[in-house]
Amino acid sequence: MSRDPSQLLYAETHEWADLVTDADQSIATVGISAFAIEQLNDLVYMDLPEVGKAVVAGEEFGEVESVKAVSPLYSPVTGEVIEVHADLPDQLDQLNDDPYNFGWILKVKLADNDGRDRLMDHAAYEKQCADAG
Amino acid sequence: MTDSLQFTPLDTWHRQAGAKMVPFAGYEMPIQYSSIVTEHHACRNSAALFDVSHMGRLRFDGDGSELLLDRLLTRRVSDLKLGRVRYGLICNDEGGILDDVLVSNLETPSQRRFHLMVVNASNRQKIIDWITPILDDFPTVTMSDRTPLTAMIAVQGPKAIDVCKRLFKFDPSRLKYYQAAITDQFAKPAIISRTGYTGEDGFELVVRAEEATRVWENLMLVGRDEGFVAAGLGARDTLRMEAAMPLYGHELNETIDPITAGLSFACTLENHSFIGEEAIRKVAADGPAQVRIGLLPEGKRPAREGSDVLTAEGQKIGTVTSGGPSPTLGHPIAMAYVDAQHAALSNYQIDIRGKVVAAKPTALPFYRRPAAAS
Chain R
1 MSRDPSQLLY
11 AETHEWADLV
21 TDADQSIATV
31 GISAFAIEQL
41 NDLVYMDLPE
51 VGKAVVAGEE
61 FGEVESVKAV
71 SPLYSPVTGE
81 VIEVHADLPD
91 QLDQLNDDPY
101 NFGWILKVKL
111 ADNDGRDRLM
121 DHAAYEKQCA
131 DAG
Chain D
1 MTDSLQFTPL
11 DTWHRQAGAK
21 MVPFAGYEMP
31 IQYSSIVTEH
41 HACRNSAALF
51 DVSHMGRLRF
61 DGDGSELLLD
71 RLLTRRVSDL
81 KLGRVRYGLI
91 CNDEGGILDD
101 VLVSNLETPS
111 QRRFHLMVVN
121 ASNRQKIIDW
131 ITPILDDFPT
141 VTMSDRTPLT
151 AMIAVQGPKA
161 IDVCKRLFKF
171 DPSRLKYYQA
181 AITDQFAKPA
191 IISRTGYTGE
201 DGFELVVRAE
211 EATRVWENLM
221 LVGRDEGFVA
231 AGLGARDTLR
241 MEAAMPLYGH
251 ELNETIDPIT
261 AGLSFACTLE
271 NHSFIGEEAI
281 RKVAADGPAQ
291 VRIGLLPEGK
301 RPAREGSDVL
311 TAEGQKIGTV
321 TSGGPSPTLG
331 HPIAMAYVDA
341 QHAALSNYQI
351 DIRGKVVAAK
361 PTALPFYRRP
371 AAAS
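Read top to bottom, the protein sequences are chains R and D. Every letter in the first sequence is one number past the one before it in full-length UniProt numbering, and letter 117, counting from 1, is 117. Every letter in the second sequence is one number past the one before it in full-length UniProt numbering, and letter 83, counting from 1, is 83.
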């Protein structure tokens, strides 16, 4: 199933989160937005955390590097990393083409206080990008 | 500071082409138009046009110009023949590098000789201030800052010369590497020099500011079928890094002397008296404390400026001055200064923001163009 960017939540720092809750747990899939990828341009390296690591909303969990610069990746949510997209760093060019599906970075098992109240919906995020643009 | 930013004569063109503009050395400059990697490859495979109008252009007229320049530069200028260009350094009394410059010996159509010095954008005012009091000793010499009146365009790449032969009345292949001439090609006098900062063949043009857009557009038009593109400062940096050309503020600064920077070729120590000579002579005799080397970090993660260089045992022995991915080679490259006694190790490590990776030394430059054009 293809992920719809208009249904995702966004951090000010351009990461997206797809929150799914079933009976016993809530999982967030995390990536970076098409806007951020376009701004970064020419990605060459991505540094991912290990499975089991705790991430905190608003705090750095890794780095993405373009030809020119290093940019930190901030977690949009708080919880524990349960899966990382290990193939992604070797296929960063594909991240350009499909940031919301192939381009997922982490899956996070959410903590009780998961930080989602700090996130914005797609409309608010689009406005932020337009204001920056 | 942003309110005092200056614009090059090509500013409107850049914006219409969708360039991403950034403040650089007091100017709004294009960092990239499409992608740094695309622009980089275009330069290596065809040619790229760079607006380098932000670089300073200082003209020296009058008897004794060459004597003034002899005193200022680490290389002699008085034996520079007409139509030649020379790379040299301007140093302080301690031998620290104030700037690295190109000096051309030129003649106007009315046969007036002059010297043109191209300085780094960020050092232009510093160099003007440095030279102004020295001019008192050379009353027949005048220095004029031509930067605001002119534009400078670099055309770099294997197809640069061939395409420009079609465009210009003046055949640029008449110029050998590091030669320059004045031509009235563009209705107004223009300076063409076979020089550049990318490791490719090509040349740099100085034209009147009001001619800049017309010249640029003609180059783009004629070169379009050959794959010419406009390239920004981003590609200029990856290209010069592959060519291991030092950049002021990175490999060069006022605490680094030319010998340490690996630029002893740019110092004439025989029969030449210049500012900083004594200090540089001493470093040349004693050997520099640090040496500039090339490193290939293992893996894909680029080492950036400021990363610590370590021995295989983890002892800090130097610092990366420029580093990034090499689009041509497909892996990261880095230049660093290391302590001279550790300049010939077979294994190094680099601390890239807390993660230590192995790095192999390599000869500089990282990239050399396949065959020199005629």
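Backbone N, C-alpha and C fix where the C-beta goes; we use that ideal spot for every residue, glycine too.
Quiz item: Along chain R, which residues have their Cβ under 8 Å away from the Cβ of lysine 282 (chain D)?
Solution: Taking the second sequence and counting its residues from 1, the one referred to as residue 282 (chain D) is at position 282. Neighbours of lysine 282 (chain D) on chain R: none; closest Cβ ~39 Å, over 8 Å.
Exercise. For glutamate 63 (chain R), collect the residues of the same chain with a Cβ closer than 8 Å to its Cβ; drop the 5 residues on either side in sequence, then sort them by chain order.
Key: In the first sequence, counting from the first residue as 1, residue 63 (chain R) sits at position 63. For glutamate 63 (chain R), where only same-chain residues beyond five positions count, the Cβ hits under 8 Å are Tyr45, Met46, Asp47, Val70, Ser71, Pro72 and Leu73.
Quiz item: Going along the chain, which residues of its own chain have a beta-carbon closer than 6 Å to the beta-carbon of valine 316 (chain D), five neighbours each way excluded?
Solution: Residue numbering aside, residue 316 (chain D) sits at position 316 when the second sequence is read from its first letter. For the record, residue 316 (chain D) in the displayed sequence is lysine; it is not valine. Around lysine 316 (chain D), the same chain offers Asp308 and Leu310 as residues with beta carbons nearer than 6 Å, after the five sequence neighbours per side are excluded.
Self-check item: Partner residues on chain D for aspartate 42 (chain R), Cβ-Cβ distance less than 7 Å
Solution: Reading the first sequence from its first residue, position 42 is the one you call residue 42 (chain R). Counting only Cβ-Cβ distances below 7 Å, aspartate 42 (chain R) has contacts in chain D at Ser35, Ile36 and Val37, in chain order.
Quiz item: Is it true that the CB of alanine 47 (chain D) sits closer than 7 Å to the CB of aspartate 39 (chain D)?
Solution: Here residue 39 (chain D) refers to the residue found at position 39 when the second sequence is read from its first residue. Here residue 47 (chain D) refers to the residue found at position 47 when the second sequence is read from its first residue. A small correction: the amino acid at residue 39 (chain D) is glutamate; aspartate does not occupy that position in the sequence shown. No, Cβ-Cβ distance for glutamate 39 (chain D) and alanine 47 (chain D) is not below 7 Å.
Self-check item: Contact set between the stretch 52-81 of chain R and chain D, restricted to residues whose Cβ is under 7 Å from the partner
Solution: Within the stretch 52-81 of chain R, the qualifying residues are Glu65, Val67, Lys68 and Val70.
Quiz prompt | tyrosine 125 (chain R) at chain D interface by Cβ criterion, 7 Å | solution = Reading the first sequence from its first residue, position 125 is the one you call residue 125 (chain R). Taking 7 Å as the CB threshold, tyrosine 125 (chain R) stays off the interface with chain D.
Quiz prompt | Backbone CA spacing between serine 104 (chain D) and glycine 83 (chain D) [nearest angstrom] | solution = Numbered from its first residue, the second sequence carries residue 104 (chain D) at position 104. Numbered from its first residue, the second sequence carries residue 83 (chain D) at position 83. When rounded, the distance between both Cα atoms is 7 Å.
Practice problem: Find the nearest neighbour of alanine 261 (chain D) within the set D:Arg368, D:Asp339 and D:Phe24, judged by alpha-carbon distance. | Solution: On the second sequence, residue 261 (chain D) is found 261 positions in, with the first residue counted as 1. Each of D:Arg368, D:Asp339 and D:Phe24 was checked against the Cα of alanine 261 (chain D), and the nearest Cα belongs to D:Asp339.
Quiz item: Quick one: which chain R residues come within Cβ less than 7 Å of threonine 238 (chain D)?
Solution: To locate residue 238 (chain D), count along the second sequence from 1; it is residue 238. Per Cβ cutoff of 7 Å: Val67.
Quiz item: By the 10 Å Cβ neighbour count, where 16 or more other Cβ atoms means buried, how is isoleucine 192 (chain D) classified, buried or exposed?
Solution: Against the second sequence, residue 192 (chain D) aligns to sequence position 192. With 16 or more other Cβ atoms within 10 Å, it is buried.
Quiz item: Does the beta carbon of arginine 208 (chain D) sit closer than 7 Å to a beta carbon anywhere in chain R?
Solution: Start at 1 with the first residue of the second sequence, and residue 208 (chain D) comes out as number 208. Not closer than 7 Å to any Cβ of chain R, the Cβ of arginine 208 (chain D) fails to qualify, so no.
Quiz prompt | Where the stretch 233-263 of chain D meets chain R: residues whose CB sits under 9 Å from a CB there | solution = Cβ proximity to chain R below 9 Å picks out Gly234, Ala235, Asp237 and Thr238 from the stretch 233-263 of chain D.
Practice problem: Report yes if the C-beta distance between isoleucine 182 (chain D) and proline 172 (chain D) is below 7 Å; otherwise report no. | Solution: For the purposes of this step, residue 182 (chain D) is identified with residue 182 of the second sequence, where counting begins at 1. For the purposes of this step, residue 172 (chain D) is identified with residue 172 of the second sequence, where counting begins at 1. Taking 7 Å as the Cβ cut-off, isoleucine 182 (chain D) and proline 172 (chain D) do not qualify as a contacting pair.
Self-check item: Per-residue burial, glutamine 125 (chain D) [other beta carbons within 10 Å of its own, 16 or more giving buried]
Solution: One-based indexing of the second sequence puts residue 125 (chain D) at position 125. When all chains shown are included, glutamine 125 (chain D) counts as exposed.
Self-check item: Close beta carbons around proline 332 (chain D), own chain, < 6 Å, minus the five adjacent residues each side
Solution: Sequence index remark: in the second sequence, residue 332 (chain D) carries index 332 (1-based). Excluding sequence neighbours, proline 332 (chain D) sits near Pro297, Pro302 and Pro325.
Quiz prompt | Beta-carbon proximity list for tryptophan 104 (chain R), same chain, < 6 Å, skipping 5 on both sides | solution = Mapped onto the first sequence, residue 104 (chain R) falls at position 104. Answer for tryptophan 104 (chain R): Thr29, Gly31 and His85, listed in chain order.
Self-check item: Close-in-space but distant-in-sequence residues of the same chain around alanine 17 (chain D) (CB under 7 Å, 5 per side omitted)
Solution: Working through the second sequence from its first residue, we reach residue 17 (chain D) at position 17. Tyr33 and Ala230.
Practice problem: Taking tyrosine 45 (chain R) as the query, report the chain D residues whose CB atoms sit under 7 Å from its CB, ordered along the chain. | Solution: Here residue 45 (chain R) refers to the residue found at position 45 when the first sequence is read from its first residue. Annotation: Cβ neighbours of tyrosine 45 (chain R) in chain D (cutoff 7 Å, chain order): Lys300, Arg301 and Pro302.
Quiz item: Start and end of the alpha helix (DSSP H) containing leucine 72 (chain D)?
Solution: In the second sequence, counting from the first residue as 1, residue 72 (chain D) sits at position 72. Looking at the DSSP string, the run of the alpha helix (DSSP H) that includes leucine 72 (chain D) is 65-72.
Quiz item: Would proline 325 (chain D) count as contacting chain R if we go by Cβ distances under 7 Å?
Solution: The residue you call residue 325 (chain D) lines up with position 325 of the second sequence. Chain R, which has a Cβ nearer than 7 Å to the Cβ of proline 325 (chain D), makes this yes.
Exercise. Name the residue from D:Pro30, D:Ala363 and D:Leu58 whose alpha carbon lies nearest to the alpha carbon of threonine 142 (chain D).
Key: Counting from one through the second sequence, the residue named residue 142 (chain D) turns up at place 142. The candidate whose alpha carbon is nearest that of threonine 142 (chain D) is D:Leu58.
Quiz item: At a Cβ threshold of 7 Å, is glycine 330 (chain D) touching chain B?
Solution: Considering every chain present, this structure includes no chain B. Its protein chains are R and D.
Exercise. Pick helix, strand or coil for arginine 353 (chain D), following the three-state DSSP scheme.
Key: For this step, residue 353 (chain D) is matched to residue 353 along the second sequence. In this structure, arginine 353 (chain D) counts as coil in the three-state DSSP scheme.
Self-check item: Selected residue, minimal CA-CA separation from alanine 284 (chain D), among D:Ala19, D:Met117 and D:Ile259
Solution: Working through the second sequence from its first residue, we reach residue 284 (chain D) at position 284. Cα-wise, what sits closest to alanine 284 (chain D) is D:Ile259.
Exercise. Pull up the distance between the alpha-carbon of lysine 107 (chain R) and that of threonine 78 (chain R), whole angstroms please.
Key: By 1-based counting over the first sequence, the position of residue 107 (chain R) is 107. By 1-based counting over the first sequence, the position of residue 78 (chain R) is 78. The alpha-carbon atoms of lysine 107 (chain R) and threonine 78 (chain R) are separated by roughly 11 Å.
Quiz prompt | CB contact flag (arginine 44 (chain D), phenylalanine 274 (chain D), <7 Å) | solution = What you label residue 44 (chain D) is simply residue 44 of the second sequence in a count that begins at 1. What you label residue 274 (chain D) is simply residue 274 of the second sequence in a count that begins at 1. Phenylalanine 274 (chain D) is positioned such that its CB atom lies no closer than 7 Å to that of arginine 44 (chain D).
Quiz item: When you compare each of D:Ser4, D:Asp61, D:His41 and D:Ile97 to glutamine 111 (chain D) by their alpha carbons, which one comes out closest?
Solution: Locating residue 111 (chain D) in the second sequence gives position 111, counting from the first residue. Comparing Cα positions, the closest option is D:Asp61.
Quiz item: In chain order, what residues of the same chain have a beta carbon less than 6 Å from the beta carbon of leucine 89 (chain D), not counting five sequence neighbours either side?
Solution: Start at 1 with the first residue of the second sequence, and residue 89 (chain D) comes out as number 89. Excluding positions up to five away in sequence, the list reads Thr74, Ile97, Asp100, Pro258 and Ala266.
Exercise. Mind checking which residues open and close the alpha helix (DSSP H) that includes glutamate 126 (chain R)?
Key: Along the first sequence, read from residue 1 onward, the residue named residue 126 (chain R) stands at position 126. In the DSSP assignment, glutamate 126 (chain R) falls within the alpha helix (DSSP H) that extends over 122-132.
Practice problem: Count the other CB atoms, across all protein chains shown, that sit within 10 Å of the CB of leucine 9 (chain R); report buried if there are 16 or more and exposed otherwise. | Solution: Reading the first sequence from its first residue, position 9 is the one you call residue 9 (chain R). Classification for leucine 9 (chain R): buried.
Exercise. Give the secondary structure of phenylalanine 35 (chain R) by DSSP, where H, G and I count as helix, E and B as strand, and everything else as coil.
Key: As a working note, residue 35 (chain R) is residue 35 in the first sequence. The answer is helix: DSSP assigns phenylalanine 35 (chain R) an H, G or I state.
Exercise. Locate the alpha helix (DSSP H) running through proline 133 (chain D), then write down its first and last residues.
Key: As a position in the second sequence, residue 133 (chain D) is number 133, starting the count at 1. It spans 124-134 - the alpha helix (DSSP H) in which proline 133 (chain D) sits, taken as one unbroken run.
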